[in-house]
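Colleague: Protein chains in written order, with the working numbering: chain A, 1 to 529; chain B, 1001 to 1313.
Note that the Cβ used here is the ideal one computed from N, Cα and C, for glycine as well.
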Amino acid sequence: MMRPRKHFAVFAAAAAIALMTAVTPAAAQNTLRVVMHSDLKIVDPIWTTAYIVRNHGYMVYDTLFAMDAKGDIKPQMVDKYEVSKDQKTYTITLRDGLLWHDGAPVTSEDCVASIKRWSAKDSMGQKLMTFVKELQVVNPKSFRIVLNEPTGLVLGALGKPSSNVPFMMPKRVAETDPNTQISDYTGSGPFVFKKDEWKPGDKAVYVKFDKYKARSEPPSALAGGKVVKVDRVEWRSIPDHQTAINALLAGEVDYIESPPHDLLGVLKQDSNVKLVNSNPLGNQFTMRFNVLHKPFDNPKVRQAVLYALNQEDFLKAVVGDKQWYKTCQSFFPCGSPMSSTKGMDGLLASNFSKSQALLKEAGYDGTPIVLMQSTDLAVLTNLAPVAKSLMEKGGFKVDMVSMDWQTLVARRAKKEPPTAGGWHAFLTSWVAADILNPVMMGFLNASCEKAMFGWPCDKEIESLRDQFAKETNLAKQKTIAEHAQVRATQYPTHVPLGQWYGPVAMRKTVDGTIEAPVTAFWNVTKSAR
Amino acid sequence: MLAYIAKRLVATVPVMAVVAIVVFMMLRLTTGDPAAIIAGDNATSQDVAAIRAKLGLDRPVHEQFMIWVGRMARGDLGESFFFKKQVTELIVERLEPTVALATSTLVLAVCFAVPLGVFAAVRRGTWIDRALMGFSVLGFSVPVFVVGYLLIYLFAIQLAWLPVQGYQRIAEGFGGFLLRLILPSVTLAIVYIALIARITRTSVLEVLGADYVRTARAKGLGDLPVLARHVVRNAAVPIVTVIGLGVALLIGGVVVTESVYSIPGLGRLTVDAVLARDYPTVQAVILLFSMTYVLINLLVDLSYVLLDPRIRY
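#1: Any beta carbon of chain B sitting closer than 9 Å to that of residue 49 of chain A?
#2: How would you call residue 66 of chain A, buried or exposed, if buried means at least 16 neighbouring beta carbons within 10 angstroms?
#3: Would you give the residue range spanned by the beta strand (DSSP E) that residue 284 of chain A belongs to?
#4: Name the two residues that bound the continuous beta strand (DSSP E) containing residue 1176 of chain B.
#5: Have a look at residue 156 of chain A and residue 517 of chain A and give me their C-alpha separation to the nearest angstrom.
#6: From the beta carbon of residue 201 of chain A, is the nearest beta carbon of chain B less than 9 Å away?
#7: Quick check: the Cα distance between residue 218 of chain A and residue 225 of chain A, rounded to an integer number of angstroms?
#8: Which term fits residue 1219 of chain B, buried or exposed, when burial requires 16 or more other beta carbons within 10 angstroms of its beta carbon?
#9: Who are residue 338 of chain A's beta bridge partners in DSSP?
#10: Does residue 85 of chain A come out as helix, strand or coil in the three-state DSSP assignment?
#11: Using only alpha-carbon positions, find the residue among A:307, A:255, A:448 that is nearest to residue 392 of chain A.
#12: In the structure shown, what three-state DSSP assignment does residue 228 of chain A receive?
#13: Please classify residue 37 of chain A as buried or exposed, where buried requires at least 16 other C-beta atoms within 10 Å of its C-beta.
#14: Please list, in chain order, the chain B residues whose beta carbon lies closer than 8 Å to that of residue 121 of chain A.
#15: If you run the structure through DSSP and keep just helix, strand and coil, what is residue 588 of chain A?
#16: Grab me the residues of residue 1261 of chain B's own chain with a C-beta within less than 6 Å of its C-beta, minus the 5 sequence neighbours each way, in chain order.
#17: Quick test of your reading: residue 1091 of chain B and residue 1266 of chain B, contact by CB under 8 Å. State the CB separation rounded to the nearest angstrom.
#18: Let me confirm a value: residue 334 of chain A is counted as buried when at least 16 other C-beta atoms fall within 10 Å, else exposed. Which label applies?
#19: To be precise: take each residue of the stretch 1130-1164 of chain B, compare its Cβ to all Cβ atoms of chain A, and keep it if any distance is under 8 Å. Which residues remain?
#20: Could you check if residue 32 of chain A is buried or exposed, using at least 16 other CB atoms within 10 Å of its CB as the buried criterion?
#21: With distances taken Cα to Cα, identify the nearest neighbour of residue 366 of chain A among A:394, A:372, A:378, A:339.
#22: Which residue wins for smallest C-alpha separation from residue 178 of chain A, given the options B:1179, B:1051, B:1040?
#23: Which value, in whole angstroms, describes the spacing of the CA atoms of residue 206 of chain A and residue 193 of chain A?
#24: Below 7 Å on C-beta distance, what does residue 1007 of chain B contact in chain A?
#25: Given a cut-off of 9 Å, decide if residue 109 of chain A and residue 78 of chain A are closer than it, judged by their beta-carbon atoms.
#26: Counting only the same chain and skipping the five closest in sequence on each side, list residues whose C-beta sits under 8 Å from that of residue 203 of chain A.
#27: Can you check whether the CB of residue 493 of chain A is closer than 9 Å to the CB of residue 461 of chain A?
#28: Determine the contact status of residue 1244 of chain B and residue 1195 of chain B, defining contact as a CB-CB distance below 9 Å.
#29: Alpha carbon to alpha carbon, what distance is there between residue 262 of chain A and residue 95 of chain A?
#30: Provide the residue span of the beta strand (DSSP E) that contains residue 58 of chain A, from first to last.
#31: Starting from the beta carbon of residue 252 of chain A, find every residue of chain B whose beta carbon is closer than 8 Å, and list them in chain order.
#32: Which of the three DSSP states, helix, strand or coil, is assigned to residue 9 of chain A?
#33: Going along chain A in order, which residues have a C-beta closer than 7 Å to the C-beta of residue 1058 of chain B?
#34: Could you tell me whether the Cβ atoms of residue 1033 of chain B and residue 425 of chain A are closer together than 9 Å?
#35: Over what stretch of residues does the beta strand (DSSP E) that includes residue 136 of chain A continue unbroken?
#36: When you compare the CB of residue 169 of chain A with every CB in chain B, is at least one pair closer than 9 Å?
Structure representation (structure tokens):
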């Protein structure tokens, strides 16, 4: 019979062993533990434009075409495509061996149904469909897109890198009403979504799809071979930035998608962690106008804002470190094909006297500008105070109204006058991949009622956007984009406020990350410590 | 006694009804639109309107309320706007971490706070008393998240003894479960220890001066038997009351602690649901918290009977 003291010793030893066992991460070697910018709550990338759901889409689904590192659109699920001489028929043939996660082959019927569902939701898809006469299934591996008239949008839209991305889904899934969320998560992408392990608010799990047939080309942004080199990717939900960074430093997670700029210093000091800019195009800060109400119904007053502001002040106030930002005198992201400085001379240089002169000319009566400030997203909080200060120097009276982002999202949809719960302006940030040309750039849509919140209304801009959509020659497209930019300085819809980059933080054991406008986990390796 | 319990249980019905109405109306009056949040930043007004219609948010508020009450009457808490799951399912998933955290905190707090409070009272006016009460003031003055970050820095980053964050279900291993619960429980317990220790000290001091304690000592009883048999038991009623009332504090603390330690419990669910304006989830979780609070108060009242034979219901 053991004495009590001996009992205690045995218990203590057992407890210690149990605790030590618990510290050892089980099979961590091939599991990439990632903290994304947000928790995954919705899993239908067509139903919502949220970036986290788009990123989920790239894990689980594949695309017909994809954008490479040079910004060119390359075949992805597509083996070959032919364009008829009159440029009105695209015949698309799928690669051999493409399978859904349930083992069924991917067919052209699936793709046609997927294009239809996507185009019902996505603005570029809607634009494309205005040119489409018919989508014809030729055989299980081929389909045709028959157009009413030629357009340069087909490949650009089908290879669109950001929300909503035309992901391919099985026909039975793609036939879901576009306004209803899908409940079958079968894809044909490089990872399989583990629905049984998905716990919103905790983690989302993806495992390698062993039967995925990767392209033979090396990976290049979202194009090329999507070769998966880890067994499992876990998206851990850690909403608190400080906790996420502590977890990375302690080796509990391997990768943080978007650490805040003010905490990058902490990460730089740790020899086990590296910072990588995996999105060379970055993001663009933007001020959006509401043109429905005085004084912003007058383009001259909005032009005055373009003269009063400068990009450096915004970038310094939010990002701080010059390594992670650059000024860019272009509506289209610098480094992208449509980027140009045409029409930007003298703008965004804080020329306050010019701003004041324009306001005088426009008969500005001192009506306060209701400027909405988002206070809960670190990357946006400092933008509005900078705008207020510069606009006041430029002759405006500004009433900055602070609120959380979700309140701002609801308020920006209101068309009421600013004195009755509406607004004049707010500041936000765009992922550069979303604003690469006049058709993609949502804020350049000037179709009045149908335009995004702010509701600009300009026939000339709309005409240029249509011309761009119809043009198939890249050089001519660039010229049209330049004209659209010049028009946007005369009839300002929004103000580009500079480009910024959010580095990814990862343990040095992680390698092979792809430079792309979207976070992707194929090609990524994780070595032993 | 049974009649009293039945009466108290019946009385919870109007309380819960008021809570339900207030929560429902407050959410509807709060700015923000769940449909706009769901649709994402690039969505058009038409997309947002379609989602709003799908969620039934385009109906008049009184109609939405009646639909919700009707579902509640059938025991259906509704479906989360975001998680595409029944709210009941979400709550069940998140219950274990919160119950584990709250229970371990409570056990830790009571085990430390009551002896510390008694000790401080017995050593009244000495440096030990002052030190303990100083700690007590510090304990409930420093915000929970600050304590959390300091403990993480020391025990997880510098010493690497404990994990920074996360939760392991008890079914996945008791060792890991316990290990991941230590820092969050200590973080949350510090406030609670501070509160209970102060009340215990005050209550014990009051009893220590009572005639029956003097009589017990005069009979020749030692310090420990006097404390155990006469002092602590008679001082227990206010202490138990504070523990019960402190559950509200615990609920608030759980919300912060679960965020700092990334524990997927009801606290995190509440924060996420509020930020996303997920009405069905917020309504259900607040009702659950309110119900818990009401029931704990009932249990506290009933415990008086055991602690003080003079109390009868």
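Modeller: In this structure, then:
#1: In the first sequence, the residue the question calls residue 49 of chain A occupies position 49. So, interface residue.
#2: Here residue 66 of chain A is taken as the residue at index 66 of the first sequence, counted from 1. Its Cβ being crowded by 16 or more others within 10 Å, residue 66 of chain A is buried.
#3: Locating residue 284 of chain A in the first sequence gives position 284, counting from the first residue. Where residue 284 of chain A is concerned, the enclosing beta strand (DSSP E) stretches over 283-289.
#4: Translated into the one-based positions of the second sequence, residue 1176 of chain B becomes position 176. Unbroken run through residue 1176 of chain B is the alpha helix (DSSP H), 1174-1208; no beta strand (DSSP E).
#5: Position 156 of the first sequence, counted from the start, is the residue given in the question as residue 156 of chain A. Position 517 of the first sequence, counted from the start, is the residue given in the question as residue 517 of chain A. C-alpha separation (whole angstroms): 15 Å.
#6: Along the first sequence, one-based indexing puts residue 201 of chain A at 201. Yes - at least one Cβ of chain B is within 9 Å of the one on residue 201 of chain A.
#7: As a first step, residue 218 of chain A is located in the first sequence; it is residue number 218 there, counting from the start. As a first step, residue 225 of chain A is located in the first sequence; it is residue number 225 there, counting from the start. Between residue 218 of chain A and residue 225 of chain A, the C-alpha separation is close to 5 Å.
#8: For the purposes of this step, residue 1219 of chain B is taken as residue 219 along the second sequence, with counting starting at 1. Looking at its Cβ environment, which holds fewer than 16 other Cβ atoms inside 10 Å, residue 1219 of chain B is exposed.
#9: Translated into positions along the first sequence, residue 338 of chain A becomes position 338. In DSSP, residue 338 of chain A forms no bridge with anything.
#10: Here the question's residue 85 of chain A lines up with position 85 in the first sequence. Looking at residue 85 of chain A - three-state DSSP - the assignment turns out to be coil, as it is neither helix nor strand.
#11: In the first sequence, residue 392 of chain A corresponds to position 392, counting from 1. The residue with the shortest Cα to Cα distance from residue 392 of chain A is A:307.
#12: Here the question's residue 228 of chain A lines up with position 228 in the first sequence. In the structure shown, residue 228 of chain A sits in coil (DSSP, three-state: anything other than H, G, I, E or B).
#13: In the first sequence, residue 37 of chain A corresponds to position 37, counting from 1. Exposed: under 16 other Cβ atoms inside 10 Å.
#14: In the first sequence, the residue the question calls residue 121 of chain A occupies position 121. The contacting residues are 1047.
#15: Residue 588 of chain A lies beyond the stretch modelled for chain A, which goes from 1 to 529, so this question has no answer here.
#16: Locating residue 1261 of chain B in the second sequence gives position 261, counting from the first residue. If we look at residue 1261 of chain B and ignore the five residues flanking it on each side, its Cβ neighbours are 1165, 1184.
#17: Against the second sequence, residue 1091 of chain B aligns to sequence position 91. Against the second sequence, residue 1266 of chain B aligns to sequence position 266. With a Cβ gap of about 7 Å, residue 1091 of chain B and residue 1266 of chain B count as contacting.
#18: Mapped onto the first sequence, residue 334 of chain A falls at position 334. Buried: at least 16 other Cβ atoms inside 10 Å.
#19: 1149, 1152, 1153, 1156, 1157, 1160, 1163, 1164
#20: If you number the first sequence from 1, residue 32 of chain A lands on position 32. By the neighbour-count rule (16 or more Cβ atoms within 10 Å), residue 32 of chain A is buried.
#21: Sequence index remark: in the first sequence, residue 366 of chain A carries index 366 (1-based). Answer by Cα proximity: A:394.
#22: The residue labelled residue 178 of chain A in the question sits at position 178 within the first sequence. For residue 178 of chain A, the nearest C-alpha among the options comes from B:1051.
#23: In the first sequence, counting from the first residue as 1, residue 206 of chain A sits at position 206. In the first sequence, counting from the first residue as 1, residue 193 of chain A sits at position 193. Taking the straight line joining both Cα atoms gives about 5 Å.
#24: Counting from 1 along the second sequence, the entry for residue 1007 of chain B is found at position 7. Within chain A, no residue comes near residue 1007 of chain B; the closest Cβ sits about 39 Å away, beyond 7 Å.
#25: Here residue 78 of chain A is taken as the residue at index 78 of the first sequence, counted from 1. Here residue 109 of chain A is taken as the residue at index 109 of the first sequence, counted from 1. Result no, Cβ atoms of residue 78 of chain A and residue 109 of chain A do not sit closer than 9 Å.
#26: By one-based count along the first sequence, residue 203 of chain A stands at place 203. Once the five neighbours on either side are set aside, the close Cβ partners of residue 203 of chain A are 197, 234, 235, 236, 237.
#27: Mapped onto the first sequence, residue 461 of chain A falls at position 461. Mapped onto the first sequence, residue 493 of chain A falls at position 493. Yes; because the gap between Cβ atoms is below 9 Å, this pair is in contact.
#28: Locating residue 1244 of chain B in the second sequence gives position 244, counting from the first residue. Locating residue 1195 of chain B in the second sequence gives position 195, counting from the first residue. Cβ distance not < 9 Å, so residue 1244 of chain B and residue 1195 of chain B don't count as in contact.
#29: One-based indexing of the first sequence puts residue 95 of chain A at position 95. One-based indexing of the first sequence puts residue 262 of chain A at position 262. One C-alpha to the other measures close to 46 Å.
#30: Taking the first residue of the first sequence as 1, we reach residue 58 of chain A at position 58. Where residue 58 of chain A is concerned, there is no enclosing beta strand (DSSP E), although the alpha helix (DSSP H) it sits in stretches over 51-60.
#31: Here residue 252 of chain A is taken as the residue at index 252 of the first sequence, counted from 1. In chain order: 1163, 1164, 1165, 1166.
#32: Counting from one through the first sequence, the residue named residue 9 of chain A turns up at place 9. Because residue 9 of chain A sits at a pLDDT of 49, beneath the cut-off of 50, its placement in the model cannot be relied upon, and the point is left open.
#33: Position 58 of the second sequence, counted from the first residue, corresponds to residue 1058 of chain B. Within chain A, no residue comes near residue 1058 of chain B; the closest Cβ sits about 13 Å away, beyond 7 Å.
#34: Taking the second sequence and counting its residues from 1, one reaches residue 1033 of chain B at position 33. Taking the first sequence and counting its residues from 1, one reaches residue 425 of chain A at position 425. Cβ distance not < 9 Å, so residue 1033 of chain B and residue 425 of chain A don't count as in contact.
#35: As a working note, residue 136 of chain A is residue 136 in the first sequence. Note, residue 136 of chain A: beta strand (DSSP E), 132-139.
#36: Reading the first sequence from its first residue, position 169 is the one you call residue 169 of chain A. Judged by the 9 Å Cβ criterion, residue 169 of chain A is not in contact with chain B.
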